[in-house]
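In terms of full-length UniProt numbering, the sequence shown opens at residue 1 and continues consecutively.
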Amino acid sequence: MEKLWLLIGPLTHDPLNQYQVVWMDLQDILTEAQALAIDLYSLPFEYSFRFPAVNEIFEPGTMVNCDQFVGGIPQALRKDNTLVRLGVTPIISISDNSTSPADVRLVGLAKVLLRPPPRRYTQLISEMRAK
């Protein structure tokens, strides 16, 4: 804890630790993180975090389109084979390994930016030039 305080202390409003408030907050955070780690490792669950790859086909079941320039119905984007330009957040899933086969559940959808289809891309460029 002291080693961590040497790194964090100067960044706080109380770098000399006169009031002990930040120190106590740090201690609470570490205690909670350790308890969470014990819970995570003592149960038969496996957590998976996977970022969609660049040029992977957009999959509405596991991804959310956050691109303001490429809109549309998610199923239509999938049908048009729209590709991922950037995975912003990962696809998060939990596997319960106590059952056979393992029960896999989706916890969080990936937020992605999309690469417009070629015809849509040229249309966007021409619209931008017209403005």
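Built from N, CA and C at the ideal position, the CB exists for glycine as well.
Coil, strand or helix - residue i by DSSP
i, result
"residue 9", "helix"
"residue 63", "strand"
"residue 79", "helix"
"residue 111", "strand"
"residue 125", "helix"
Sub-8 Å separation of residue i and residue j beta-carbons
i, j, result
"residue 93", "residue 70", "no"
"residue 56", "residue 83", "yes"
"residue 44", "residue 80", "no"
"residue 91", "residue 109", "yes"
"residue 58", "residue 78", "yes"
"residue 95", "residue 48", "yes"
Residue span of the beta strand (DSSP E) that contains residue i, given as start and end
i, result
"residue 106", "103–108"
"residue 86", "83–87"
"residue 46", "45–50"
"residue 92", "91–96"
Start and end residues, alpha helix (DSSP H) containing residue i
i, result
"residue 32", "21–42"
"residue 18", "Segment: none, residue 18 is in no alpha helix (DSSP H) and carries neither H nor E."
Beta-carbon separation (whole angstroms), residue i vs residue j, contact threshold 8 Å
i, j, result
"residue 112", "residue 72", "About 14 Å separates the two Cβ atoms, so there is no contact after all."
"residue 4", "residue 26", "7 Å"
heavy atom of the ligand GTP below 7 Å from residue i C-beta
i, result
"residue 15", "Although the ligand GTP was asked about, the structure shown includes no ligands whatsoever."
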